[in-house]
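Trainee: Position 9 (the sequence shown) corresponds to 9 in the UniProt record's numbering; numbering is contiguous. Let me give you the structure first, and then I'll get to my questions.
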Amino acid sequence: MGVYFVSFVGHYGYDRVLGVLGRHMRDFLNGLDNLHEYLKFSYPRMKAPSFFCENETSSGLTLHYRSTRRGFLWYTIGQIREVGRHFYQTDVEIEVLKEETIFDTLHVMMQLTFDNRAFQLDRRQNVQRIDKNMMPVKAFLFLEIFPFCIVFDEYLVIRTIGNSLLAVMPNIVGKKLTMVFELTKPLIECTWRAVSGFKIHSSVLFFKNITCDA
């Protein structure tokens with residue numbers, strides 16, 4: 001299931017989008033959320049799933065799949081296998097480790113086994129880029145660069161916010177994050193453990209305001 005969808009979307013030009021998501025299979029998997037955000041511009045009513053990777057090694061990774069839609073798991077698995085074969089000449093073995101439903105969201109944990117030597121190469125390159133003499137970024141500069149950022153602690157208490165957010169919501173500092181915002185992307189629990197363990201290329205969490213007087 002899902003295998004022929006990859007060639008089907010190629011007739012509409014989306015194969016070019018899939019082909020530039022990265023040089024390696026790991027780049028595609030880590031960029032799945034960004035791909036769905038892009039597709040939302042064309043299909044604004046789409047109920048996009050959420051993906052994130054963890055436990056990455058040179059032989060694969062663990063992929064978390066969350067969706068509010070039912071019946072698309074094996075369809076998704078077929079798509080991933082076909083993308084690996086078609087775009088990256090990589091065979092991907094997929095084992096479902098856990099499947100559970102929390103409220104209205106399906107959460108599936110999958111072990112993906114494939115040639116992921118690019119992960120080791122990326123790690124070595126990242127280490128080489130680190131310069132011990134690099135100057136740290138001062139807090140005020142960070143808040144200017146990211147004017148809508150939210151800084152919170154392990155208790156989810158908002159400690160400081162970006163300059164632009166401060167201008168429109170000056171009273172939220174010191175409040176519990178979950179009392180002011182709702183985490184909309186990725187589809188994970190809004191807990192310190194879940195959020196701090198979430199790693200993607202863009203490292204962005206999407207929130208929406210749930211109060212009217214904040």
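All residues carry an ideal CB built from backbone N, CA and C; glycine is no exception. On a predicted model such as this, the values are computed, not experimentally measured, just so you know.
(1) Starting from Arg66, follow its DSSP beta bridges and name the residues at the other end.
(2) Can the beta-carbon of Gly84 be found less than 8 angstroms from the beta-carbon of Phe114?
(3) Could you tell me which residues DSSP pairs with Glu100 in its beta bridges?
(4) Sorted by chain position, which residues of the same chain lie with C-beta nearer than 8 angstroms to Asn55's C-beta, five sequence neighbours on each side aside?
(5) With DSSP collapsed to three states, give me the class of Thr160.
(6) With respect to the alpha helix (DSSP H) encompassing Leu183, which residues constitute its N-terminal and C-terminal limits?
(7) What residues in its chain sit with their C-beta under 7 angstroms from that of Glu154, if we drop five residues either side in the sequence?
(8) So, helix, strand or coil for Leu21, using DSSP?
(9) Under 8 angstroms by Cβ, that's how I've got Phe119 and Arg26 pegged, so tell me the actual separation to the nearest angstrom.
(10) Taking the alpha-carbon positions, what's the Val92 to Ala139 distance?
(11) Mind checking who residue 216 pairs with in its DSSP beta bridge?
(12) Can you tell me whether Met179 is buried or exposed, with buried defined as 16 or more other CB within 10 angstroms of its CB?
(13) According to DSSP, is Glu56 helix, strand or coil?
Mentor: Short version:
(1) In the DSSP output, where bridge partners are listed per residue, Arg66 has Ser50 and His107.
(2) Between Gly84 and Phe114, the C-beta gap is smaller than 8 angstroms, which places the two residues in contact.
(3) In DSSP, Glu100 forms a bridge with His107.
(4) If we look at Asn55 and ignore the five residues flanking it on each side, its Cβ neighbours are Leu61 and Thr62.
(5) If DSSP states are grouped into helix, strand and coil, Thr160 belongs with the strands.
(6) Run containing Leu183: none in the alpha helix (DSSP H); it sits in the beta strand (DSSP E), Phe181 to Lys185.
(7) Result list for Glu154: Trp192, in chain order.
(8) Three-state result, Leu21: coil.
(9) Sure, about 6 angstroms apart at Cβ, within 8 angstroms.
(10) Straight-line Cα distance between these residues: approximately 43 angstroms.
(11) This structure gives no information on residue 216, because the portion of the chain shown stretches from 1 to 214.
(12) By the Cβ-count criterion, Met179 is exposed, with fewer than 16 other Cβ atoms from all chains shown falling within 10 Å of its own Cβ.
(13) Strand at Glu56.
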